[in-house]
Amino acid sequence: MERTIVGIDVGSSKVCTLVGEVDDEGDVHVIGVGQVRSRGVRKGVVVNVGDATAAIAASVEKAERTSGYEIERAYVGLSGTHVSSLNSRGVVGISRRESGITVEDVDRVLDAAHAIAVPHNQEVVHVIPRGYIVDGQDN
Numbered sequence: 018m019e020r021t022i023v024g025i026d027v028g029s030s031k032v033c034t035l036v037g038e039v040d041d042e043g044d045v046h047v048i049g050v051g052q053v054r055s056r057g058v059r060k061g062v063v064v065n066v067g068d069a070t071a072a073i074a075a076s077v078e079k080a081e082r083t084s085g086y087e088i089e090r091a092y093v094g095l096s097g098t099h100v101s102s103l104n105s106r107g108v109v110g111i112s113r114r115e116s117g118i119t120v121e122d123v124d125r126v127l128d129a130a131h132a133i134a135v136p137h138n139q140e141v142v143h144v145i146p147r148g149y150i151v152d153g154q155d156n
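Under the working numbering, the residues of the sequence shown are numbered 18 to 156, in order.
Put into C-alpha cells, the structure is as follows:
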C-alpha cells in the first residue's frame, strides 16, 4: 500500500515542494517537484507574509502539476535563529483509575505541557512528547 507525503522547504533563496510516494518497504519515490524563487524571506525570517505566502503557493501548485496529486497537508521545515525549543512538563490526574489511562488523559497532559508562558512575539508551534512517567515509572 503506497501513501503520499509532501515536504515543503521555505528558504531565503528558494521554496521547494516535494511530493513522494512511500512504498511497502518504506522507500520514498519522488513523483513531483515544485521550486520557485523565494520572496518575503530574509535569513530564514519571514519579512513579508504576503510575498512568502505567494511563493509557497506557487511552489505547491507546481508540485501538484508535476505529480498529479492534490496537496492537502505537508511537512514544513522551520529554521532560523528565531526558532527554539523548550522543555516542559504536563501533570494531570487520571480521570478513572479503574479503566486505566485513556486517550483523553494523554490529550490533557499534552495540553498541560503546551500551556507554558512564552514571550508575546513567540508562539508554540508543536508539542513533541519525549516520554511519560506514570506512578514514578518512566515509560
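Note that CB positions come from ideal geometry on N, CA and C, so glycine has one too.
Exercise. Between which two residues does the beta strand (DSSP E) harbouring V47 extend?
Worked result: V45 to R54
Exercise. Tell me the DSSP bridge mates of G94?
Worked result: D26
Exercise. When you compare only the Cα positions, how much space is there between A130 and R113?
Worked result: 21 Å
Exercise. Expressed to the nearest angstrom, what Euclidean distance is found between the alpha-carbon atoms of R20 and H46?
Worked result: 11 Å
Problem set entry | C-alpha gap between S76 and I133, whole angstroms | 35 Å
Exercise. Three-state secondary structure (DSSP) at I157?
Worked result: Only positions 18 to 156 of the chain appear in this structure, which leaves residue 157 out of reach.
Problem set entry | Closest Cα partner of V93 within the set N65, V109 and V142 | V142
For this session: Per DSSP, which residues does E87 bridge with? Please list them.
Result: In DSSP, E87 forms no bridge with anything.
For this session: Using the Cα positions of G97 and V58, report the straight-line distance between them to the nearest angstrom.
Result: 11 Å
For this session: Can you have a look at T34 and say buried or exposed, based on whether 16 or more other CB atoms are within 10 angstroms of its CB?
Result: buried
Exercise. Helix, strand or coil: which one does DSSP assign to L215?
Worked result: Summary: the structure shown does not reach residue 215, with the chain confined to residues 18 through 156, and so no result is reported for it.
For this session: Note down the Cα distance separating G43 from G51, rounded to an integer number of angstroms.
Result: 23 Å
Exercise. DSSP on T70, reduced to helix/strand/coil?
Worked result: helix
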